[in-house]
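Line by line, the protein sequences give chains P and D. Per the numbering used here: the first sequence = residues 1 to 308. Per the numbering used here: the second sequence = residues 1001 to 1307. The beta-carbon is built from N, C-alpha and C at its ideal position, and this holds for glycine as well. Notes follow the structure.
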Amino acid sequence: MNTAPTNSRSGRFAHNALRHWGERIIESVLFLAAFSAVAVTVAIVGILLYESQAFFQHVPLKDFLTDTQWTIMFTDKHFGVAPLLAGTLTTTGVALLLAVPIGTVTAIYLSEFASHRVRETVKPVLELLAGIPTVVFGYFALLMVTPALQWFMPDLPGFNMLGPGLVMGIMIIPYVSSVAEDAMRAVPMHMREGSYAMGATRLQTALKVVMPAATSGVVAAYILGISRAVGETMVVAVAAGQQPNFTFDPRESGATITAFIVQVALGDLPHGSLEYQSIFAVGLVLVLLTLFFNVLGHVVRKRFREAY
Amino acid sequence: MMAYDAQAVRRLVARGKQWDKVFVIAGLLCMMVGVLTLALLLVGLIQDGAGRLNWQFFSHFPSRRAEQAGILSAIVGSSLVMLVTALAAIPLGIAAGVYLEEYAGRNWVTEIIEVNVTNLAGVPSIVYGLLALSLFVYGLGFGQSILSAGLTLALLILPVIIVSTREAIRAIPGIIREGAYALGATRWQTVRDHVVPYSTGGILTGVIIGLARAIGETAPVITIGALTFIAFLPPAPVSGEFPFLSFEWLRSPFTVMPIQMFNWLSRPQAAFQENAAAAGVILVVMTLVMNAAAIWLRVRYRKRIKW
């Protein structure tokens, strides 16, 4: 070093102190970035509560929960959330009836039967399926699946909950199958080997050893699927008809919570109007619904975790 | 207990193996459902929309006459919204991921942040639209603008970027950090010069997947009140006169590709649905290319790096 040795020590301390402060500032900035996730959650809950509290000042909670009509856009207004819930549950139900069996069989096949190469090719393709914009699936439901269904069921109206439900089912297959497959692959090899040693076939091992051992993960995969289907918007907004309808018959048209929000947002709604507040009220219901399933998934995963 | 005779055991095993074969066929069929749907969807879209995919479709504004309508305002709107989304989400997401992996101690604050990131990934996208409508559009007064939409989508894809950043950073072995510390580097210098550069591949994968998702999202952008019929372009961000850069476009009304498609799709005339199909082809191609790029990147980085 060419600098004078006399003040090098104090110089180094000053430099260190500076570095120290710089480090502290950077750490705080990074912490704030991470904390933004908490801020977003708080903002979501706060805003939904705040805006829907204005709604519930106009509409008694009892009407909201017990009335069976939702006609907020008409002059004779009714504020029963039941038709929107019925629409949401019906489309979700149809989607699950398709996605759960197909997703489970796909997961068992990929985890227990398929060769490494098949698995490595099929998984990315399924991921691509999950990446398609949902409005495109809406097109698929309205203009390709519903007409195909009308071939078998001539009475089926152009807008119905069956077509979008089935398309949503196909959309959530990748979520269900990939989480379920991960759970099955986490089952240790020696359990399968034990089963094979007893003379069991692959299928018997898969159904009687691997599936029970992976129950918690598989159920968590189903719950993830439910949560996705409940929150899905564009498919039902395009193809289910946007008519709030208190029915569980998938052949009829209906509106889900999400479809109603889209419908209201498309109209030119004045800030602070009852319609404006209503989308926050039903949004709150939607969040509570998905939160319930997310927490349930978490509990299931913890409660039934197998100790191998 | 009666002993099985060899014949019966053989029959039993043969029957079991028969069922194995049946299941393999069932598994293949189920696996193909997704793949076939993807193929059917693409073929159908191209069949319906190919007729409209010409230069005129890209260079015209939407119109009341279907055969003259185009996607110019939607393409420009989508690009500008994506620009805002990327500028907001990428630094924030990477910073959050770095904090959680490199700085955070094991305590309840970290725990809360982690639970929140997981939960945000499960919140339906339309709820982000409600948040943005109340907070960005009215609360902060950004209006129904490109800025509002870009920030909304940034919040939506934040969990994706945080999670992939964490995974990428976790894959870097501790000896790299120890080497840097041994030479007197501070924590930030270690992160800036070693940890983040080496995990670029994984982070980039997450960023691309996040942006691909944002480009196809419709519901939150509709909720904040994006218009469905826009026949003008936002003011240009760069101009020939002083001060050269203008941020007027951030406050401009806009439309994006998925909304344009939704708008055409909800009209009964077949000619407009042809336009919807054409817009769908473009959307699908964009998201497929981005997702494929992310998958390719992941495979490539997984192969190349041997620590």
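Item	Value
Distance check for residue 173 of chain P and residue 1018 of chain D, CA to CA, integer angstroms please.	27 Å
Note down, in chain order, each residue of its chain lying with its Cβ closer than 8 Å to the Cβ of residue 134 of chain P, except the 5 sequence neighbours on either side.	171, 232, 233, 234, 235
In chain D, which residues lie with their C-beta within 7 Å of the C-beta of residue 36 of chain P?	1092, 1096
Using a Cβ-Cβ cutoff of less than 7 Å, which residues in the same chain neighbour residue 94 of chain P once the five nearest sequence positions on both sides are dropped?	161, 162, 165, 166, 169, 250
If you draw a straight line from the alpha carbon of residue 255 of chain P to that of residue 1156 of chain D, how long is it in whole angstroms?	24 Å
Which residues does DSSP list as the beta-bridge partners of residue 79 of chain P?	P/70
Since residue 1280 of chain D meets chain P, which of its residues come closer than 7 Å, beta carbon to beta carbon?	136, 139
Counting contacts by CB-CB distance shorter than 7 Å, is residue 1134 of chain D in contact with chain P?	yes
Under 6 Å Cβ to Cβ from residue 111 of chain P, same chain only, skipping five residues before and after it: list those, please.	181, 184, 185
Counting contacts by CB-CB distance shorter than 7 Å, is residue 1082 of chain D in contact with chain P?	no
Is any non-hydrogen atom of the ligand GTP found closer than 6 Å to the C-beta of residue 107 of chain P, if you look at the structure I gave you?	As presented, the structure is devoid of all ligands, the ligand GTP included, so that no description of it is given.
At 9 Å on the CB atoms, spell out the chain D contacts of residue 109 of chain P, in chain order.	1023, 1024, 1026, 1027, 1028, 1030, 1031
Between which two residues does the alpha helix (DSSP H) harbouring residue 1179 of chain D extend?	1174 to 1182
In whole angstroms, give me the CA-to-CA distance for residue 1110 of chain D and residue 1090 of chain D.	21 Å
Specify the secondary structure class of residue 1202 of chain D as computed by DSSP and reduced to three states.	helix
Using CA atoms only, rank isn't needed, just tell me which of D/1088, D/1057, D/1077, D/1273 is closest to residue 238 of chain P.	D/1273
Relative to the C-alpha of residue 1282 of chain D, which residue among D/1298, D/1031, D/1258 is closest?	D/1258
So is residue 1048 of chain D buried or exposed if we call it buried at 16+ other beta carbons inside 10 Å?	buried
I'd like to know if residue 3 of chain P contacts chain D, where contact means its C-beta is closer than 7 Å to some C-beta of that chain.	Low confidence applies here, because residue 3 of chain P scores a pLDDT of 45, under 50, leaving its location unreliable and the question unanswered by this model.
Thinking C-alpha only, which one of P/142, P/159, P/228 is nearest residue 244 of chain P?	P/159
Taking just the CA atoms, how far does residue 1024 of chain D sit from residue 50 of chain P?	54 Å
Where does residue 74 of chain P land, buried or exposed, given buried means 16+ other C-beta within 10 angstroms?	exposed
With burial defined as no fewer than 16 other Cβ atoms inside 10 Å of the residue's Cβ, what is the status of residue 1007 of chain D: buried or exposed?	exposed
Following the continuous alpha helix (DSSP H) through residue 239 of chain P, name the residue where it begins and the one where it ends.	234 to 239
From residue 290 of chain P to residue 88 of chain P, what distance separates their C-alpha atoms?	12 Å
Check whether the Cβ of residue 1301 of chain D lies closer than 7 Å to any Cβ atom in chain P.	no
Near residue 227 of chain P, which residues of its chain fall below 8 Å by C-beta distance, leaving aside the five closest residues on each side in sequence?	290, 293, 294, 297
Is the beta carbon of residue 1205 of chain D sitting closer than 7 Å to the one on residue 1164 of chain D?	yes
According to DSSP, simplified to helix, strand and coil, what is residue 1129 of chain D?	helix
If contact means a Cβ-Cβ distance below 7 Å, which residues of the region 214 to 226 of chain P contact chain D?	none
So residue 36 of chain P packs on residue 1096 of chain D, CB below 8 Å; how close in whole Å?	7 Å
Hey, is residue 202 of chain P's beta-carbon within less than 7 Å of any beta-carbon in chain D?	yes
Counting only runs that start and end within the region 112 to 186 of chain P, where is the alpha helix (DSSP H) found for 4 or more residues in a row?	116 to 131, 134 to 140, 146 to 152, 162 to 185
Quick check: residue 1034 of chain D and residue 109 of chain P, are their CB atoms within less than 7 Å of each other?	no
Should residue 1262 of chain D be flagged as near chain P, meaning a C-beta pair shorter than 7 Å?	yes
Helix, strand or coil for residue 254 of chain P, going by three-state DSSP, please let me know.	strand
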